[in-house]
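S.K.: The structure is given below, and queries will be raised subsequently.
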Amino acid sequence: MRSLDPAVEVVEFTPTPEQYAWTFGGTAPLARVRPGTALKLWSDDAFCGRLRSVTDLPGTALRMPFVNPQTGPFFVEGAEPGDTLVLHVVDLEPARDWGASALIPFFGGLTSTDRTATLQPPLPERTWIYHLDSARGTVGLDLPLESGHVHLDLPLEPMLGTVGVAPAAGEVRSALVPDVFGGNMDTPELRAGTTVYLRVNVEGALFSLGDGHFRQGEGESCGTAVEGAMNSLVLVDLLKTPGPAWPRLESDTHWTVVGSARPLEDAWRAGQVDAVSWIGELTGLDTLDAYQVLSQVSQVPLANAVDVNYSVATKVPKRLVPAGRPAYDGIHDRLRALVR
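Numbering-wise (the UniProt record's numbering), the sequence shown opens with residue 1 and increments by one.
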């Protein structure tokens with residue numbers, strides 16, 4: 001795992017199963033942290049480690065609705081409603097040598113669901129187990145064929161499916177839901193080297209994270225990634241400036257806004273509108289000029305098209321936009337500089 005400047009305080013925390021958070025909002029904080037602190041956190045996989053072999057099927061192994069456990073929430077000292085919570089993902093490392101994916105009845109992008117109902121029965125349950133090869137940086141899968149089997153090796157690309165804060169107005173939302181507070185966005189953009197900006201809704205922000213993925217395709221077609229327990233190293237900071245309307249991500253190469261809604265085009269619109277605002281903040285352009293720029297440069301990968309709300313990422317390449325000022329006073333670069 002990457003190291004940090006020795007001046008940075010690092011706090012380690014591994015929750016017990018009794019401490020898992022299943023919602024955003026409605027859960028008491030596990031600990032208080034000061035801005036400028038780094039948290040080294042362990043989080044369980046979305047299945048709580050219950051799918052360990054191809055014979056473990058979701059219908060019998062999982063205990064609904066207790067899936068997608070989060071590590072947290074954490075109370076950030078000084079955070080007040082309207083502020084900007086800053087989380088820089090320093091590093092992500094698999095915490096087990098295996099990950100799991102599965103077909104869950106009436107869940108996924110290419111099956112009947114409770115939201116898109118048809119007379120078709122659910123797809124058959126199935127579990128796939130991926131084995132981590134740390135030395136090669138791959139996750140391997142054996143698939144049966146009539147004449148034997150095929151072995152598939154895919155690059156290890158760790159990400160966090162879920163990062164969020166407590167919602168506004170006293171709401172309590174399932175950890176399966178993405179929305180303005182973050183949550184289960186399932187975007188592969190949320191990887192090491194990324195800074196996350198979230199609007200604070202309640203005192204202390206009360207942020208949680210989890211749902212580690214060893215890798216995931218854009219859209220998360222079947223509804224599950226290569227779900228795995230994860231070690232996360234995250235720098236926590238706070239800006240006393242207005243928080244964004246939707247979760248914003250900054251990498252060395254892109255500014256990204258994640259919008260979440262149904263139907264899918266409304267998720268796209270949410271991210272596009274806030275991206276127009278962000279371009280305006282960075283460049284000083286008025287709304288219509290920023291809209292014109294976005295129309296010519298935006299990249300729009302699907303994050304998920306399977307959750308309670310769909311999530312769409314609007315990415316703006318930094319090299320194509322003449323920003324007159326750094327995003328959030330250059331905090332991404334300052335936090336990156338603390339990583340060794």
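Built from N, CA and C at the ideal position, the CB exists for glycine as well.
So residue 266 is in the beta strand (DSSP E); what residue range does that whole segment cover?
M.R.: Counting from one through the sequence shown, the residue named residue 266 turns up at place 266. It is not in any beta strand (DSSP E) - residue 266 instead sits in the alpha helix (DSSP H) that spans 264-283.
S.K.: Work out the CA separation of residue 263 and residue 115 for me, nearest whole Å.
M.R.: If you number the sequence shown from 1, residue 115 lands on position 115. If you number the sequence shown from 1, residue 263 lands on position 263. Whole-angstrom Cα-Cα distance: 11 Å.
S.K.: Confirm, please, whether the CB-CB distance from residue 185 to residue 212 is below 8 Å.
M.R.: The residue labelled residue 212 in the question sits at position 212 within the sequence shown. The residue labelled residue 185 in the question sits at position 185 within the sequence shown. Cβ distance not < 8 Å, so residue 212 and residue 185 don't count as in contact.
S.K.: When the distance is taken between beta carbons, is residue 149 closer than 8 Å to residue 335?
M.R.: Reading the sequence shown from its first residue, position 335 is the one you call residue 335. Reading the sequence shown from its first residue, position 149 is the one you call residue 149. No, these two residues do not count as a Cβ contact at 8 Å.
S.K.: With DSSP as the reference, identify every bridge partner of residue 75, one or two as the case may be.
M.R.: Here residue 75 refers to the residue found at position 75 of the sequence shown. Note: residue 75 sits in a beta bridge opposite 32.
S.K.: Would you identify the three-state DSSP class for residue 293, choosing helix, strand or coil?
M.R.: Against the sequence shown, residue 293 aligns to sequence position 293. Reduced to three states, the DSSP call for residue 293 is helix.
S.K.: Suppose you measure from the CA of residue 94 to the CA of residue 53; what does that come to, to the nearest Å?
M.R.: For the purposes of this step, residue 94 is taken as the residue at position 94 of the sequence shown. For the purposes of this step, residue 53 is taken as the residue at position 53 of the sequence shown. Approximately 18 Å, taken between the alpha carbons.
S.K.: With DSSP collapsed to three states, give me the class of residue 387.
M.R.: Here the chain has residues from 1 to 340 only, and residue 387 is not among them.
S.K.: Indicate the three-state DSSP secondary structure (helix, strand or coil) for residue 20 in the structure shown.
M.R.: Translated into the one-based positions of the sequence shown, residue 20 becomes position 20. Here residue 20 sits in coil by DSSP.
S.K.: Can the beta-carbon of residue 268 be found less than 8 Å from the beta-carbon of residue 312?
M.R.: What you label residue 268 is simply residue 268 of the sequence shown in a count that begins at 1. What you label residue 312 is simply residue 312 of the sequence shown in a count that begins at 1. Yes, these two residues count as a Cβ contact at 8 Å.
S.K.: Can the beta-carbon of residue 73 be found closer than 8 Å to that of residue 21?
M.R.: Taking the sequence shown and counting its residues from 1, the one referred to as residue 73 is at position 73. Taking the sequence shown and counting its residues from 1, the one referred to as residue 21 is at position 21. Yes, they are a contact pair.
S.K.: Counting pairs of Cβ atoms below 8 Å between the stretch 127-145 and the stretch 164-177, do you hit three or more?
M.R.: The stretch 127-145 vs the stretch 164-177: no contact.
S.K.: Suppose only complete runs of 3+ residues qualify. What are the beta strand (DSSP E) ranges in the stretch 132-188, listed by chain order?
M.R.: Listed in chain order, they are 138-145, 148-155, 159-164.
S.K.: Got a sec, what are the start and stop residues for the beta strand (DSSP E) residue 94 sits in?
M.R.: Working through the sequence shown from its first residue, we reach residue 94 at position 94. Looking at the DSSP string, the run of the beta strand (DSSP E) that includes residue 94 is 84-94.
S.K.: Is residue 46 closer than 8 Å to residue 351 when the C-beta atoms are compared?
M.R.: Outside the displayed range of the chain (1 to 340) lies residue 351, so it cannot be described from this structure.
S.K.: For residue 204, which option in 216, 121, 28 has the closest C-alpha, if you only look at C-alpha atoms?
M.R.: Counting from 1 along the sequence shown, the entry for residue 204 is found at position 204. Closest by alpha carbon: 28.
S.K.: Bridge partners for residue 255 per DSSP, in chain order?
M.R.: Position 255 of the sequence shown, counting from 1, holds the residue named residue 255. Residue 255 pairs with 250, 316.
S.K.: Assuming residue 237 is part of the beta strand (DSSP E), what are its boundary residues?
M.R.: Here the question's residue 237 lines up with position 237 in the sequence shown. Residue 237 -> beta strand (DSSP E) spans 230-239.
S.K.: If you drop the 5 nearest sequence neighbours on each side, which residues of the same chain put their C-beta closer than 6 Å to that of residue 152?
M.R.: Within the sequence shown, residue 152 is the residue found at index 152, counting from 1. Once the five neighbours on either side are set aside, the close Cβ partners of residue 152 are 141.
S.K.: Can you tell me the Cα-Cα spacing of residue 172 and residue 71, whole angstroms?
M.R.: Stepping through the sequence shown from its first residue, residue 172 is reached at position 172. Stepping through the sequence shown from its first residue, residue 71 is reached at position 71. So the alpha carbons of these two residues sit roughly 16 Å apart.
S.K.: Hey, would you say residue 86 sits closer than 8 Å to residue 239, going by beta carbons?
M.R.: Against the sequence shown, residue 86 aligns to sequence position 86. Against the sequence shown, residue 239 aligns to sequence position 239. The answer is yes: Cβ separation under 8 Å.
S.K.: May I ask whether a heavy atom of the ligand GDP can be found less than 7 Å away from the beta carbon of residue 268?
M.R.: For the ligand GDP, the structure offers nothing, since it holds no ligand at all.
S.K.: What number of angstroms, rounded off, separates the C-alpha of residue 139 from the C-alpha of residue 133?
M.R.: As a position in the sequence shown, residue 139 is number 139, starting the count at 1. As a position in the sequence shown, residue 133 is number 133, starting the count at 1. Those two C-alpha atoms are separated by around 6 Å.
S.K.: Sort 12, 332, 15, 78 by Cα distance to residue 202 and report the nearest one.
M.R.: As a position in the sequence shown, residue 202 is number 202, starting the count at 1. Nearest of 12, 332, 15, 78 to residue 202, Cα basis: 78.
S.K.: Whole angstroms is fine: what's the gap from residue 210's alpha carbon to residue 3's?
M.R.: In the sequence shown, counting from the first residue as 1, residue 210 sits at position 210. In the sequence shown, counting from the first residue as 1, residue 3 sits at position 3. Their backbone Cα atoms lie some 21 Å apart in a straight line.
S.K.: Does the stretch 270-287 come close enough to the stretch 322-335 to have 3 or more Cβ pairs within less than 8 Å?
M.R.: Touching, per the Cβ criterion.
S.K.: Please tell me whether residue 194 and residue 249 are closer than 8 Å, where the distance is taken between their beta carbons.
M.R.: The residue labelled residue 194 in the question sits at position 194 within the sequence shown. The residue labelled residue 249 in the question sits at position 249 within the sequence shown. Contact flag set, yes.
S.K.: Would you call residue 124 buried or exposed, if buried means 16 or more other Cβ atoms sit within 10 Å of its Cβ?
M.R.: Here residue 124 is taken as the residue at index 124 of the sequence shown, counted from 1. Exposed, because fewer than 16 other Cβ atoms sit within 10 Å of the Cβ of residue 124.
S.K.: Can you tell me the Cα-Cα spacing of residue 83 and residue 120, whole angstroms?
M.R.: Position 83 of the sequence shown, counted from the first residue, corresponds to residue 83. Position 120 of the sequence shown, counted from the first residue, corresponds to residue 120. C-alpha separation (whole angstroms): 47 Å.
S.K.: So which of 292, 252, 293, 300 has the shortest CA-CA distance to residue 270?
M.R.: For the purposes of this step, residue 270 is taken as residue 270 along the sequence shown, with counting starting at 1. Checking every option, the nearest Cα to that of residue 270 belongs to 300.
S.K.: What are the start and end residues of the alpha helix (DSSP H) that includes residue 59?
M.R.: Along the sequence shown, read from residue 1 onward, the residue named residue 59 stands at position 59. Residue 59 -> alpha helix (DSSP H) spans 58-61.
S.K.: Measure how close the beta-carbons of residue 69 and residue 44 come, nearest whole angstrom, since I'm counting them as under 8 Å.
M.R.: If you number the sequence shown from 1, residue 69 lands on position 69. If you number the sequence shown from 1, residue 44 lands on position 44. With a Cβ gap of about 5 Å, residue 69 and residue 44 count as contacting.
S.K.: Helix, strand or coil for residue 50 per DSSP?
M.R.: Locating residue 50 in the sequence shown gives position 50, counting from the first residue. Looking at residue 50 - three-state DSSP - the assignment turns out to be coil, as it is neither helix nor strand.
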